[in-house]
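Working notes for the structure below.
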Amino acid sequence: MSKKERIWGFDYVRAILAVVATHFHTAFFGIRMQDFLHQPTFGPDYFPSTIQIVFFNFFFHSIPSFFMMSLFLIYHFREQKGIFQKRLNYLVQLFLFWFTMQNILLFFTKRDRLNYLFSDFNLTLQWIVSGAYSEFWFLFSLISLVILFWGYLILQSHFSFFKKRSTQWALFIIAILFVLTIPYFHSKDNYLIPLSFLPLIFITPIIYQLWVKNKINTKWIIGFGIIWLLGSLLDWILRITYTDLDYLFMVIPMFARFSISFGALIIICSALLIPKKPPSFIRTLSDYALPIFCVHWFAPYCLEIMEYLVELGINIWIAEAIVTLYRVAFSIVVAYFARKVPYLNRYF
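Here the sequence shown stands for residues 113 to 460, where the numbers follow our numbering.
Here you go:
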């Protein structure tokens, strides 16, 4: 594969993941929010509901897949001078901008909460890492991953040991085992969330080299799929342990799970096998993926619209889909006009 060749499959991934992430936030912060939360009634004998299986085993793969795609592209262009510095500078600016926007929103809507967050160092740290308790935690996590990825590639350039394929696979497996231990010392804090994506750092160069050598095929995807399925079952089995630890507030951890990395691998490897240029609407969604991720958070009256649709007798799943489309459209419109404003356009 030529390094100048555009990876068309990533346009599909960006478009789909942006909509998937938006839909998750619509459902999670919607009428059925309690279905995701850890409750005393979810004891050892509790069997997950359909919505929990769908969202935890499918929708939660959007962010790690987006992260892996970002690392893959950085690795793809790693020989460009200053690629890491430029990428980090851009990501830090993005985070500071949207972090500020979120805090302005909190200042006018939940000012008491802001005062509370500054009352304790631990709370302040969580407030920063979590992007002011919003979706913008993903930007902080991506910044952390890029820094760690940069360090890992420096090690590879100085020590041949880290270039060995066996070493890379071993580090990937060790990282996954480490991720499974996070709930045991993570407790209810969330400033270790970036470490949940540590395996992606070690697997990305492996997948890239396989892609360059045209060795990515359906056999790899099927293999990752089998591991992902077994890992998903393991995630729900381990839920009993996490329940005993009173871990976090969800039924199972968001990203500190075995299946997450393999779900991302399936998505990225599948994208690498797509040779055709996507249709225009996919290109549009891909082009607006970042503002969809960021702006949909600010779309007004989402819950009110959903409740109104349900009152009209519309199925809750359909109501959630309609609100998701509204949030995506809102994000694209805002970004379209923001991109016409000097200095502001770089954040959209």
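Here a beta-carbon is modelled for each residue, glycine too, at the ideal position from N, C-alpha and C.
Inspect the beta-carbon positions of residue i and residue j and report whether they are closer than 7 Å.
{"i": "F179", "j": "L384", "result": "no"}
{"i": "I319", "j": "I378", "result": "no"}
{"i": "V131", "j": "F171", "result": "no"}
{"i": "S371", "j": "W340", "result": "yes"}
{"i": "F248", "j": "V241", "result": "no"}
{"i": "P306", "j": "A368", "result": "no"}
{"i": "F284", "j": "I315", "result": "yes"}
{"i": "H173", "j": "T436", "result": "no"}
{"i": "K276", "j": "Q268", "result": "no"}
{"i": "L183", "j": "F261", "result": "yes"}
{"i": "F336", "j": "F290", "result": "no"}
{"i": "I364", "j": "F250", "result": "no"}
{"i": "N169", "j": "S344", "result": "yes"}
{"i": "A450", "j": "L456", "result": "yes"}
{"i": "F122", "j": "M181", "result": "yes"}
{"i": "M418", "j": "G142", "result": "yes"}
State the start and end residues of the unbroken alpha helix (DSSP H) segment that holds residue i.
{"i": "K193", "result": "Careful: K193 lies outside any alpha helix (DSSP H) and carries neither H nor E."}
{"i": "N169", "result": "T162 to N169"}
{"i": "L267", "result": "W249 to H270"}
{"i": "L312", "result": "L310 to V324"}
{"i": "I428", "result": "I428 to A450"}
{"i": "V453", "result": "First-last for V453: undefined, no H or E at that position."}
{"i": "L415", "result": "C414 to E423"}
Residue i by DSSP, collapsed to three states: which one?
{"i": "M366", "result": "coil"}
{"i": "L397", "result": "helix"}
{"i": "L385", "result": "coil"}
{"i": "A133", "result": "helix"}
{"i": "S299", "result": "Reliability of the predicted coordinates at S299 is poor, the pLDDT of 49 falling under 50, and the value obtained from them is presented with this limitation in mind. Note: S299 maps to coil in three-state DSSP."}
{"i": "F461", "result": "With the chain running from 113 to 460 in the structure shown, residue 461 is simply not present."}
{"i": "K276", "result": "coil"}
{"i": "Y158", "result": "coil"}
{"i": "Y71", "result": "One cannot answer for residue 71 here, as it falls past the ends of the chain, which runs 113 to 460."}
{"i": "M113", "result": "Low confidence applies here, because M113 scores a pLDDT of 48, under 50, leaving its location unreliable; read the following figure in that light. Three-state DSSP puts M113 in coil, outside helix and strand."}
{"i": "G142", "result": "coil"}
{"i": "P390", "result": "coil"}
{"i": "R118", "result": "coil"}
{"i": "I333", "result": "helix"}
{"i": "A411", "result": "coil"}
{"i": "F460", "result": "coil"}
{"i": "I328", "result": "coil"}
{"i": "D123", "result": "helix"}
{"i": "L292", "result": "helix"}
Measuring CB atoms only, is the stretch 386-406 touching the stretch 183-195, in the sense that at least three cross pairs come out at less than 8 Å? With a cut-off of 8 Å, the stretch 183-195 and the stretch 386-406 do not count as touching, because too few Cβ pairs lie within range.
On the three-pair Cβ rule with 8 Å, is the stretch 419-438 touching the stretch 396-407? In this structure the stretch 419-438 does not lie against the stretch 396-407, because fewer than three pairs of beta carbons, one per stretch, are closer than 8 Å.
Pairs of beta-carbons, one from the stretch 122-142 and one from the stretch 392-404, closer than 8 Å: are there three or more? The answer is yes - the stretch 392-404 touches the stretch 122-142, with three or more Cβ pairs under 8 Å.
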